[in-house]
Amino acid sequence: MNFNIAIEKFHNYLRTINGYSKEEFELALPYLQVKNFKKGEHFVEAGKTCRHFAFVASGIMRSYTFYDGSESTTCLCSDNTFATSTISFITQTPSNASIQALDDVTLVLISHEDLNALYAKSTFWERVGRVVAEQEYIELKQSGWRNSPIPAKEKYLTLLKENPGIVNKVPLQFIASYIGIAPETLSRIRNKIAKGNS
């Protein structure tokens, strides 16, 4: 995706936030970067500091951690969402998670330093930061079902209801990891659903 299309997608997102004006958008333009990632490339690697706040203009990314020999997908990010290792970005300390492109991805980026400069200049951009933080908090609270003891099929059906567009775009093993079930179990559930069985 080229620079202008990616920036316009971010611009359209900003229009949904209270207090938006064209002047506020133009204030940010000198700070914005656009970067393309190929499938499999990392935006953030565990152990390194997340230097940029990222808006996903196109593509899908996953956040994952690796602990005690086991990898766990903790977040799936698609178009018009944000993909940032939040604690690492805010504190400018090494991230405990990696963020990887699952297909070709285009990100609109702003550095930690430049975002703070915008905060100092504009209450609108402070509001943008607050809105994104609130959305992340709500998503975290609403995703508690992923680690709950509910049946595996119910977990998958909940994901289908909440994010139907992402299911056919993400490899099975990452979806299984994200909802906390074995890939083999998810494969059986999908086959039963496809055949119309309960």
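Okay, so the sequence shown: first residue is 2 according to this note's numbering, each after it adds one.
Cβ atoms here follow ideal geometry from the backbone N, Cα and C, with glycine treated the same way.
In this text the structure is predicted, and so the values were computed from the model without any measurement.
Under DSSP, P95 shares a beta bridge with T50. Excluding its 5 nearest sequence neighbours in each direction, A7 has C-beta neighbours in its own chain below 7 angstroms: V35, A58, T107 and V109, listed in chain order.
In the DSSP assignment, L28 falls within the unbroken alpha helix (DSSP H) covering K23 to A29. Rounded to whole angstroms, the separation of the alpha carbons of L187 and R147 is 13 angstroms. Less than 9 angstroms separates the beta-carbon of I18 from that of V129. Annotation for N164: no beta strand (DSSP E) segment contains it, and DSSP assigns it neither H nor E.
The stretch 118 to 126 and the stretch 23 to 32 touch, with three or more beta-carbon pairs separated by less than 8 angstroms. DSSP, read as helix, strand or coil, puts K154 in helix.
The stretch 91 to 105 and the stretch 147 to 159 do not touch, with fewer than three beta-carbon pairs separated by less than 8 angstroms. Taking 9 angstroms as the cut-off, the beta carbon of Y179 is found no closer than this to the beta carbon of L15.
In summary, F67 is exposed, with fewer than 16 beta-carbon neighbours lying within 10 Å of its beta-carbon over all protein chains present. Take C51, set aside five residues on each side of it, and the residues of its chain with a beta-carbon closer than 7 angstroms to its own are V45, T85, S86, S89, F90 and S96, in chain order.
For G48, the CB contacts under 6 angstroms within the same chain, skipping 5 residues up- and downstream, are P95 in chain order. Residue range M62 to Y68 is occupied by the beta strand (DSSP E) that includes F67, with no alpha helix (DSSP H) assigned at that position. By the Cβ neighbour-count rule, L103 is buried, with 16 or more other Cβ atoms within 10 Å of its own. Residue pairing for F38: DSSP places it in a beta bridge opposite V106. If you check the CB distance, I139 and Y157 do not come in under 9 angstroms.
Considering only D80, I194, V133 and E137, the residue with the shortest C-alpha distance to L161 is I194. The alpha-carbon separation between Q101 and K40 amounts to approximately 8 angstroms.
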